[in-house]
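Asker:
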Amino acid sequence: MKPEQIKTISIAEDFSAYPAGRFLEDGEASGTAFRDNLLIPALNGGFDKVEIIFDGVAGVGSSFLEEAFGGLIRKTGMNKTDLDQRLDLKTNEPDLEDFVRLARRYIEDATKVTAT
Amino acid sequence: MKKLSRKRRQWHDIHARKLNRRRIKKKKSRTRKHPQPSRSNPHRVHGSFTPIHCPEVLSLEDNFDGVVKLLDDIRMKSQKHRNKRIHIDFKPIRTIKPSAALVLAAELDRWNRQLAIRNSKLVAVDAEEWDSTVRRLLREMGFFKLLRVVSIPEEKSSTGIQYVQFCSGTKVDGKVIDDLRRLHLEPFVSVPNKHLLYAAVTEAMTNVVHHAYGDQTSLDVPKHWWLSAAYDGQSREVAVMIYDQGSGIPATLPRKFKERIRELLPENLTKNDAHMIQAAHHLSRTATLSPSRGHGLQRDIRRYIEELDCHGMYRVISNRGEYIVETGASSDKIISHKHPLSGTLIEWRLKQ
């Protein structure tokens, strides 16, 4: 059996330790930039699973999380079920667990809105 | 020689007096246009200028109207009397609070940027005569850097409160917040829930970039935010503040939020800024009508205080409204001011 191919993206190391803002004009480390430059290419890159590691970031605002993860549903047409199988959001830092939960919630909310 | 009649002599007297008056007026206006620097102190300027007097108490808590009047005065005179020399008299100030100092710094920074377009700049002319506590605070907050004064000696704090030099920007800049905490606060006092503070301040910056200035395109109001902090090592109190000179929260709420607030509030209260700010916070906690936008106010900006284990206070002043949340208090507090603060000030305070 072919081993599962996993792509790991560390937000702090591969993108920015200071993710902030929603749109490209907000700044270099915006949610749109993360989604379009890293997240979508990884999901379309033929990997079985994409892991997003939150460790090492200074924090994450809701605008960034909503645009990166909620925007993923709006932009690609994927839904929560697709992403549950292919996208894994992780952190080993207890202080960052809230942000991971919030990102998952934005995926849920965007799926509901897109469905209606 | 013909003898002048009495009537003619009177006419000459009146004419001479008129000429003299005109000469004096002309001399005065020449002095106003070309003020001469003093020989003993090159920063002191003699000659006429348009004065702006600072109040004795520069505090948004204790003299809100006085601070607003000063800011309005600076803005009005810097725009209306562009070709005249203006002097802001800091000497009367006896008490100054960090939040008032930040809004004043922002106003001077805005004015300085305007002057830079015409190759001019603000200068401090009599800093040695200011109250020493005031001078120290203004120095630490970066006033003298703004006013390009380098000769003011460092002074020790008599109150134990230290201020962090303000910074400004037009984009959402997370590194600035992390530096503020890591380099300027934590070597002296600990800042709890650092990730949540980061989220709160970046969301406040995002709101400035997206909403605060609306469609304002005037060069007089650059779309900036100004950020600063203060700490008291003895009482272990920390304050972080961010300010913008936009149109204010009540005027720039997303349309759907405004419609929903109008459904919730009696009509007379929808014109009250304090009630509008409070409603915007409550609605962003529960609203599902705008799922992708408008949640930052409650979810990040106010939340930082709610998640603290210590005593904290969150305060928003926007236009005529003020909204205060304190940990342990049974309800939020709102205040309506007579005169509006131009823009929005958000302040987080915590005591360990």
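First to last, the sequence lines map onto chains V and Y.
Be aware that the first sequence starts at 1, since it is given in the numbering used here, and climbs by one per residue.
Be aware that the second sequence starts at 1001, since it is given in the numbering used here, and climbs by one per residue.
For each residue, glycine too, the CB sits at the ideal point set by N, CA and C.
Tell me the DSSP bridge mates of W1225(Y)?
Answerer: DSSP lists G1169(Y) and D1244(Y) as partners of W1225(Y).
Asker: Identify which residue in R1255(Y), P1254(Y), K1256(Y) and A1279(Y) has its Cα closest to the Cα of P1266(Y).
Answerer: The shortest C-alpha separation from P1266(Y) is found at A1279(Y).
Asker: Below 7 angstroms on C-beta distance, what does D26(V) contact in chain Y?
Answerer: The contacting residues are K1171, V1172, T1206 and V1209.
Asker: By how many angstroms is the C-alpha of D1126(Y) removed from the C-alpha of T1206(Y)?
Answerer: Each residue's Cα considered, the two are about 38 angstroms apart.
Asker: Hey, out of V1209(Y), S1235(Y) and K1223(Y), whose CA is closest to R22(V)'s CA?
Answerer: For R22(V), the nearest C-alpha among the options comes from V1209(Y).
Asker: Which stretch, first to last residue, makes up the alpha helix (DSSP H) that contains I1305(Y)?
Answerer: Segment R1303 to E1306, the alpha helix (DSSP H) holding I1305(Y).
Asker: Does the distance from the C-beta atom of E66(V) to that of T8(V) stay below 9 angstroms?
Answerer: For E66(V) and T8(V), no; Cβs fall outside 9 angstroms.
Asker: Which value, in whole angstroms, describes the spacing of the CA atoms of D1073(Y) and I1052(Y)?
Answerer: So the alpha carbons of these two residues sit roughly 7 angstroms apart.
Asker: Using 8 angstroms as the threshold, is the stretch 80–97 of chain V in touch with the stretch 38–58 of chain V, meaning 3 or more CB pairs across them?
Answerer: With the cut-off at 8 angstroms, the stretch 80–97 of chain V and the stretch 38–58 of chain V touch.
Asker: Does the stretch 1049–1065 of chain Y come close enough to the stretch 1085–1102 of chain Y that 3 or more CB-CB pairs lie under 8 angstroms?
Answerer: Yes, since at least three Cβ pairs between the stretch 1085–1102 of chain Y and the stretch 1049–1065 of chain Y fall closer than 8 angstroms, the two stretches touch.
Asker: Locate the alpha helix (DSSP H) running through Y106(V), then write down its first and last residues.
Answerer: E97 to A115 is the extent of the alpha helix (DSSP H) around Y106(V).
Asker: For K1003(Y), which of helix, strand or coil comes out of DSSP?
Answerer: Reduced to three states, the DSSP call for K1003(Y) is coil.
Asker: Flag this pair as yes or no: are the beta carbons of T1202(Y) and F64(V) separated by less than 9 angstroms?
Answerer: Closer than 9 angstroms, so yes.
Asker: With a threshold of 8 angstroms, are at least 3 pairs of Cβ atoms found where one atom belongs to the stretch 1172–1187 of chain Y and the other to the stretch 11–28 of chain V?
Answerer: Touching, per the Cβ criterion.
Asker: Restricting to Cα atoms, I'd like to know which of L89(V), G27(V), P3(V) and A20(V) is closest to L39(V).
Answerer: Comparing Cα-Cα distances from L39(V) to each of L89(V), G27(V), P3(V) and A20(V), the minimum goes to L89(V).
Asker: Should I1324(Y) and I1334(Y) be called a contact, given that it needs their Cβ atoms to be closer than 9 angstroms?
Answerer: Cβ distance < 9 angstroms, so I1324(Y) and I1334(Y) count as in contact.
Asker: For P1092(Y), which residues in the same chain have their Cβ closer than 8 angstroms to its Cβ, ignoring the five residues on either side in sequence?
Answerer: H1053, C1054, P1055 and E1056.
Asker: Measuring straight from C-alpha to C-alpha, what distance separates S1247(Y) and A1212(Y)?
Answerer: About 6 angstroms.
Asker: Scan the stretch 1055–1124 of chain Y and note each continuous alpha helix (DSSP H) run of 4 residues or more that stays entirely inside, going in chain order.
Answerer: Listed in chain order, the complete alpha helix (DSSP H) runs (minimum 4 residues) inside the stretch 1055–1124 of chain Y are 1064–1080 and 1098–1117.
Asker: When the distance is taken between beta carbons, is I53(V) closer than 9 angstroms to I11(V)?
Answerer: Contact: yes.
Asker: Check the C-beta distance from V1189(Y) over to G1142(Y) and give it rounded, since I have them as a contact under 8 angstroms.
Answerer: Not confirmed; about 20 angstroms, so no contact.
Asker: Does the beta-carbon of A1116(Y) have 16 or more other beta-carbons within 10 angstroms, so that it is buried, or is it exposed?
Answerer: With fewer than 16 other Cβ atoms within 10 Å, it is exposed.
Asker: In this structure, what does DSSP give as the bridge partners for K90(V)?
Answerer: I53(V), per the DSSP bridge assignment.
Asker: Could you work out which residue in I1261(Y), W1130(Y) and H1337(Y) is closest to F1090(Y) when comparing CA atoms only?
Answerer: Closest option to F1090(Y), Cα to Cα, is W1130(Y).
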